[in-house]
Amino acid sequence: MKIIVISYSLTGNNDTLAASIALALSAEHIRITEPSSRTMWTIILDLLFNRTPQVTPVLNMVKGNELVIFVSPIWMGHIASPLRSCFQQLKARIGNYVFVSISGGADGANPKLDDELQMRLGKRPVALVDLSIATLLPAAPKPTRKDTSTYHLTARDVRSLTDTVVKRLRETLTLPAM
Ligand SMILES: Cc1cc2nc3c(=O)[nH]c(=O)nc-3n(C[C@H](O)[C@H](O)[C@H](O)COP(=O)(O)O)c2cc1C
């Protein structure tokens with residue numbers, strides 16, 4: 012089974028994790044980028060007005076018979092808006108897919124992701140892995156939003172998170188040996 016990892020990242024964490032997952036699974040890795048600069052203000056406007064920002068590349072390489080693994084940050088409880096264009100492009104032809112995020116987690120889990128994926132892609136993921144930076148930090152004092160959103164994954168974090176993701180996927184899917 013061919014695997015394609017599609018990632019978006021603002022501050023690097025999700026792209027780094029996506030690259031490591033792609034390497035572990037011998038998958039193709041496509042990074043989504045935006046032509047215009049991303050600010051807190053555009054994050055809020057996208058959320059308020061349900062906007063779909065323009066991104067590159069066009070996802071012609073996805074045919075529908077692959078496993079697609081999306082990797083993206085969570086912004087204000089929602090999947091980062093740059094992924095919306097990918098979802099729109101792929102909705103009509105996507106087969107099995109997985110959603111992975113290394114999010115902040117300072118306020119706990121992000122419970123709306125499964126429903127958002129169903130709404131945007133017309134089907135639920137075969138696996139959803141919402142990893143959190145808060146669990147990588149000391150439990151006391153309790154990590155704040157500032158602590159989690161300024162944290163950059165270490166090489167050790169990336170190895171450990173990749174192992175967690177691959178293990179979770181192996182529980183659900185038949186994957187190539189590492
Ligand atoms: C504007 C903004 C909103 C965020 N909202 C959430 C959230 O609702 N839940 C969460 O777990 N993390 C949230 N985060 C934390 C990011 O998901 C986290 O820092 C992530 O690792 C960033 O990924 P990146 O480096 O790939 O851009 C938010 C970060 C930003 C900048």
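For the sequence shown, the numbering used here assigns the number 12 to the initial residue and increments by one for each residue that follows.
Virtual Cβ for every residue (Gly too), placed ideally from N, Cα, C.
1) So who's on the other strand from H40, going by DSSP bridges?
2) In the DSSP assignment, find the unbroken alpha helix (DSSP H) run with D57 in it and report its ends.
3) Taking the C-alpha atoms as reference points, what is the distance between L128 and L94?
4) Does the stretch 57-70 come into contact with the stretch 23-37, if we say contact requires no fewer than three beta-carbon pairs (one atom in each stretch) closer than 8 Å?
5) Can you give me the C-alpha to C-alpha distance between K74 and K153, rounded to a whole angstrom?
6) Is the closest heavy atom of ligand 1 to the C-beta of W86 under 6 Å?
7) Using only the alpha-carbon positions, how far apart do K134 and N107 sit?
8) Would you check whether ligand 1 has a heavy atom nearer than 6 Å to the C-beta of G23?
9) For a minimum of 3 consecutive residues, which ranges assigned as the beta strand (DSSP E) are wholly contained in the stretch 116-174?
10) Relative to the alpha-carbon of V140, which residue among K157, A29, Q99 and I41 has its alpha-carbon at the smallest distance?
11) In the DSSP assignment, find the beta strand (DSSP E) that holds S96 and state where it starts and stops.
12) When DSSP builds the beta bridges, which residues end up paired with L78?
Concretely, from the data shown:
1) Along the sequence shown, read from residue 1 onward, the residue named residue 40 stands at position 29. Note: H40 sits in a beta bridge opposite V16.
2) Position 46 of the sequence shown holds residue 57. Its alpha helix (DSSP H) spans residues M51 to F60.
3) As a working note, residue 128 is residue 117 in the sequence shown. As a working note, residue 94 is residue 83 in the sequence shown. Going by the C-alpha atoms only, they are around 11 Å apart.
4) Contact fails: fewer than three Cβ-Cβ distances are below 8 Å.
5) As a position in the sequence shown, residue 74 is number 63, starting the count at 1. As a position in the sequence shown, residue 153 is number 142, starting the count at 1. When rounded, the distance between both Cα atoms is 44 Å.
6) For the purposes of this step, residue 86 is taken as residue 75 along the sequence shown, with counting starting at 1. Within the cutoff, so yes.
7) Counting from 1 along the sequence shown, the entry for residue 134 is found at position 123. Counting from 1 along the sequence shown, the entry for residue 107 is found at position 96. Rounded to whole angstroms, the separation of the alpha carbons of N107 and K134 is 9 Å.
8) Along the sequence shown, one-based indexing puts residue 23 at 12. The answer is yes for G23.
9) Entirely contained in the stretch 116-174, the beta strand (DSSP E) runs reaching 3 residues are, in chain order, 138-143.
10) Along the sequence shown, read from residue 1 onward, the residue named residue 140 stands at position 129. The shortest C-alpha separation from V140 is found at A29.
11) For the purposes of this step, residue 96 is taken as the residue at position 85 of the sequence shown. Taken as a continuous stretch (DSSP letters only), S96 belongs to no beta strand (DSSP E), being part of the alpha helix (DSSP H) at L94 to L101.
12) Along the sequence shown, one-based indexing puts residue 78 at 67. According to DSSP, which records beta bridges pairwise, L78 is partnered with I14.
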